[in-house]
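Which chain is which? The protein sequence lines are A and B, in order. Read left to right, the first sequence gives residues 1 to 219 (my numbering). Read left to right, the second sequence gives residues 1001 to 1219 (my numbering). Note sheet for the following structure.
There are 2 protein chains.
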Amino acid sequence: MPDESQTRLALLDAAEALFARQGFAATTIKAIGAEAGVNPALLYYYFPDKERLYHAVLERRLGTFARRMATELPAGLPPLEAIERILRGYAAMMHGAPQMPRLLARELADHEAAHALPVIRELAAGLFRRICDLIRAGQRIRQIRDDLDPRFTAISLVSQMAWFFVAQPAVSRLLGYEGTVPPTQVERYTDHAVAFTLAALAPARSRPAARHTRHPTRS
Amino acid sequence: MPDESQTRLALLDAAEALFARQGFAATTIKAIGAEAGVNPALLYYYFPDKERLYHAVLERRLGTFARRMATELPAGLPPLEAIERILRGYAAMMHGAPQMPRLLARELADHEAAHALPVIRELAAGLFRRICDLIRAGQRIRQIRDDLDPRFTAISLVSQMAWFFVAQPAVSRLLGYEGTVPPTQVERYTDHAVAFTLAALAPARSRPAARHTRHPTRS
DNA sequence: GTCTATAGCGGGATAGAC
DNA sequence: GTCTATCCCGCTATAGAC
């Protein structure tokens, strides 16, 4: 649907930016209009209300996201490589939709909120299950240490990317920048996260049964 | 300052819960009153306005937090052990202040928002710097792989704890629970995060010297 | 399609009785 | 200290001119 109204797009872009920065409740219609350089009332010409504008913002990107997931994660991929691609895929959203990671993260954080979108829940659940399966597959072929709980491990992976983007303003300050983190640093962090994760997943290098006195989780 | 008015406390508790769940903007004075089982107007007897109630909510906990940091992180601690304590300390906030991790996380995510509290920035910056220093110290004595960027690594560590709590409702669903994650699972996840992190930090196994003996819980 | 004006409502905050 | 009533403002959303 090439619904190419300029103002419609301007509104979507502005809303995307503001919702990502401030969240849904803190963002006013007037602010969206101002950010878009457009009369605020036009919002109601193109969208039924604020909430459905929010949904439109999310849905506009979900297609691309799902498509990318499908093409970049063909079925037969080795688990470790698939995991790496998922991490990089999350960061890659930044190009072309820089606000999206933060917005998605917010969506998960405000999961209970009235404006939350069911599609996102399902998408998150699907991705989560997929990562869990990849980890189990990796454990089966001894490429991932088998004392890791797949579900918890999946959370560890996602966290590293998600938090980096939600906490963007704080993170950027901590890294010594004003405003947003420059793209080169995003890439460097992504490389780091991949390396960090792969190191954590790697099985202990000695005999498999030699020492598992590692850690007090008695099961 | 044993300012022990019951209603004041009720208001603080209610506000803490709601701000953590919904964020500042989405939380109304009336909702706080209802949650506290108290007349909403009383808010203005005990606090100047909504924003300063929010600050009071944060400040009430910061003392405990800082004190715990100081006592549980004496200066001479080995880097890896100090790092473990930081991770566990974050999770331990849950007891006695279950909403706090999520609230702090929100504070960092909404850093730009008008209501953000400077103290929190400094606290976060201090903690960040401290973790970075610990990592550098660990690298110097060859207990942490030296190809890791200390700043990025610090983010990886914090992320795992922070995101688990911000995304609480989503995470809980993904783990198969309704509502909140049960405390036992929080503990198990914390154990996981510690193990995951230590595995990622461990230097490549070429040097035998790196095999230091750690006892996460000496039983 | 875009704009102005405004309705209508809900939010934060205050006055003052008790 | 607590409660009722209410003010005022800003926000969402609509009506209707152009």
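In this text, a Cβ means the ideal position worked out from N, Cα and C, and glycines have one as well.
Self-check item: Where I144 of chain A sits in the DSSP three-state scheme
Solution: Your numbering for residue 144 of chain A matches position 144 in the first sequence. Of the three classes helix, strand and coil, the one that applies to I144 of chain A here is coil, per DSSP.
Quiz prompt | H95 of chain A versus A:I155, A:A116, A:P182, residue with shortest Cα-Cα distance | solution = What you label residue 95 of chain A is simply residue 95 of the first sequence in a count that begins at 1. If we check each option's Cα against that of H95 of chain A, A:P182 comes out closest.
Exercise. Let me know if P208 of chain A comes out buried or exposed under the rule of 16 or more other beta-carbons within 10 Å of its beta-carbon.
Key: As a first step, residue 208 of chain A is located in the first sequence; it is residue number 208 there, counting from the start. Only weak support is given to the placement of P208 of chain A: the predicted model assigns it a pLDDT of 48, under 50, and the value that follows is read from those uncertain coordinates. Burial call: exposed.
Quiz prompt | Helix, strand or coil at A162 of chain A according to DSSP, with G and I counted as helix | solution = Translated into positions along the first sequence, residue 162 of chain A becomes position 162. A162 of chain A: helix per DSSP, three-state reduction.
Practice problem: Kindly indicate the opening and closing residues of the alpha helix (DSSP H) around L1104 of chain B. | Solution: Residue numbering aside, residue 1104 of chain B sits at position 104 when the second sequence is read from its first letter. From DSSP, the alpha helix (DSSP H) with L1104 of chain B extends over 1100–1109.
Practice problem: Could you have a look at A199 of chain A and say whether DSSP puts it in helix, strand or coil? | Solution: To locate residue 199 of chain A, count along the first sequence from 1; it is residue 199. Three-state DSSP puts A199 of chain A in a helix.
Quiz prompt | Assigned secondary structure, Y1044 of chain B (DSSP; H/G/I helix, E/B strand, else coil) | solution = Working through the second sequence from its first residue, we reach residue 1044 of chain B at position 44. Correct three-state label for Y1044 of chain B: helix.
Quiz prompt | chain B within 8 angstroms of D149 of chain A, Cβ atoms only | solution = Taking the first residue of the first sequence as 1, we reach residue 149 of chain A at position 149. Yes, because at least one Cβ of chain B sits closer than 8 angstroms to the Cβ of D149 of chain A.
Practice problem: Examine chain A for any beta-carbon lying closer than 8 angstroms to the beta-carbon of H1192 of chain B, and answer yes or no. | Solution: Position 192 of the second sequence holds residue 1192 of chain B. H1192 of chain B counts as touching chain A.
Self-check item: Cα-Cα separation between R1130 of chain B and R60 of chain A, rounded to whole angstroms
Solution: Counted from its first residue, the second sequence places residue 1130 of chain B at position 130. Counted from its first residue, the first sequence places residue 60 of chain A at position 60. Cα to Cα, the separation comes out at about 41 angstroms.
Practice problem: Report buried or exposed for G138 of chain A, applying the criterion of at least 16 other Cβ atoms within 10 angstroms of its Cβ. | Solution: Taking the first residue of the first sequence as position 1, residue 138 of chain A is located at position 138. G138 of chain A comes out buried.
Practice problem: May I ask you to list, following chain order, the residues of the segment 1052–1074 of chain B that have a beta carbon less than 9 angstroms from some beta carbon of chain A? | Solution: none
Quiz item: If you compare alpha carbons, which of B:V1057, B:I1144, B:L1117, B:M1093 is closest to A1202 of chain B?
Solution: Here the question's residue 1202 of chain B lines up with position 202 in the second sequence. Among B:V1057, B:I1144, B:L1117, B:M1093, the Cα nearest to that of A1202 of chain B is on B:I1144.
Quiz prompt | Limits of the alpha helix (DSSP H) - the one that F1065 of chain B falls within | solution = Position 65 of the second sequence, counted from the first residue, corresponds to residue 1065 of chain B. F1065 of chain B -> alpha helix (DSSP H) spans 1050–1072.
Exercise. Run the CB neighbour count on E122 of chain A, radius 10 Å, all protein chains shown included, and call it buried at 16 or more, exposed below.
Key: Looking up residue 122 of chain A in the first sequence gives position 122. Burial call: exposed.
Quiz item: Would you say the segment 33–53 of chain A touches the segment 94–108 of chain A, given that touching needs at least three Cβ pairs under 8 angstroms?
Solution: no
Quiz prompt | Beta-carbon separation (whole angstroms), V171 of chain A vs R88 of chain A, contact threshold 8 angstroms | solution = Here the question's residue 171 of chain A lines up with position 171 in the first sequence. Here the question's residue 88 of chain A lines up with position 88 in the first sequence. About 18 angstroms; that fails the 8 angstroms criterion.
Self-check item: Y1054 of chain B burial status per 10 Å Cβ neighbour count (16 or more: buried)
Solution: Sequence index remark: in the second sequence, residue 1054 of chain B carries index 54 (1-based). Buried, by the Cβ-count rule.
Quiz prompt | Of the listed residues B:W1163, B:L1134, B:L1175, nearest to D149 of chain A (C-alpha basis) | solution = By 1-based counting over the first sequence, the position of residue 149 of chain A is 149. Here the closest residue by C-alpha is B:L1175.
Quiz item: How many Å lie between R85 of chain A and E112 of chain A at the Cα?
Solution: As a working note, residue 85 of chain A is residue 85 in the first sequence. As a working note, residue 112 of chain A is residue 112 in the first sequence. Cα to Cα, the separation comes out at about 29 angstroms.
Exercise. Just the C-alpha distance for K1030 of chain B and H115 of chain A, rounded to the nearest angstrom, thanks.
Key: Numbered from 1 along the second sequence, position 30 holds the residue referred to as residue 1030 of chain B. Numbered from 1 along the first sequence, position 115 holds the residue referred to as residue 115 of chain A. Answer to the nearest angstrom: the Cα atoms are 20 angstroms apart.
Exercise. State the DSSP-derived secondary structure class of R1205 of chain B, mapped to helix, strand or coil.
Key: Numbered from 1 along the second sequence, position 205 holds the residue referred to as residue 1205 of chain B. R1205 of chain B falls in the coil class under three-state DSSP.
Self-check item: CB of T1197 of chain B within 8 angstroms of CB of L1157 of chain B, strictly
Solution: Along the second sequence, one-based indexing puts residue 1197 of chain B at 197. Along the second sequence, one-based indexing puts residue 1157 of chain B at 157. The answer is yes: Cβ separation under 8 angstroms.
Quiz item: Under three-state DSSP, which class holds S1156 of chain B?
Solution: Position 156 of the second sequence, counted from the first residue, corresponds to residue 1156 of chain B. Reduced to three states, the DSSP call for S1156 of chain B is helix.
Quiz item: Are the beta-carbon atoms of I1032 of chain B and A1015 of chain B separated by less than 8 angstroms?
Solution: Mapped onto the second sequence, residue 1032 of chain B falls at position 32. Mapped onto the second sequence, residue 1015 of chain B falls at position 15. Contact: yes.
Quiz item: Quick one, are the C-beta atoms of V1186 of chain B and A109 of chain A less than 8 angstroms apart?
Solution: For the purposes of this step, residue 1186 of chain B is identified with residue 186 of the second sequence, where counting begins at 1. For the purposes of this step, residue 109 of chain A is identified with residue 109 of the first sequence, where counting begins at 1. Cβ distance not < 8 angstroms, so V1186 of chain B and A109 of chain A don't count as in contact.
Exercise. Please check the pair A1025 of chain B and G23 of chain A, which I expect to be a contact at CB under 8 angstroms, by giving their CB distance rounded to whole angstroms.
Key: The count along the second sequence starts at 1 and reaches residue 1025 of chain B at position 25. The count along the first sequence starts at 1 and reaches residue 23 of chain A at position 23. A1025 of chain B to G23 of chain A, Cβ: 7 angstroms. Contact.
Quiz item: In three-state terms, what does DSSP make of E4 of chain A?
Solution: For this step, residue 4 of chain A is matched to residue 4 along the first sequence. The answer is coil: DSSP assigns E4 of chain A none of H, G, I, E or B.
Quiz prompt | Same chain only: Cβ atoms within 7 angstroms of L12 of chain A, ignoring 5 sequence neighbours per side | solution = Translated into positions along the first sequence, residue 12 of chain A becomes position 12. Closer than 7 angstroms at the Cβ level, and outside the excluded window around L12 of chain A, lie A56, V57, R60.
Quiz item: Shorter than 8 angstroms from the beta carbon of S5 of chain A to some beta carbon of chain B?
Solution: Translated into the one-based positions of the first sequence, residue 5 of chain A becomes position 5. For S5 of chain A, the answer is no, since every Cβ of chain B falls outside 8 angstroms of its Cβ.
Exercise. Note down the Cα distance separating S1005 of chain B from A1041 of chain B, rounded to an integer number of angstroms.
Key: Against the second sequence, residue 1005 of chain B aligns to sequence position 5. Against the second sequence, residue 1041 of chain B aligns to sequence position 41. Approximately 16 angstroms, taken between the alpha carbons.
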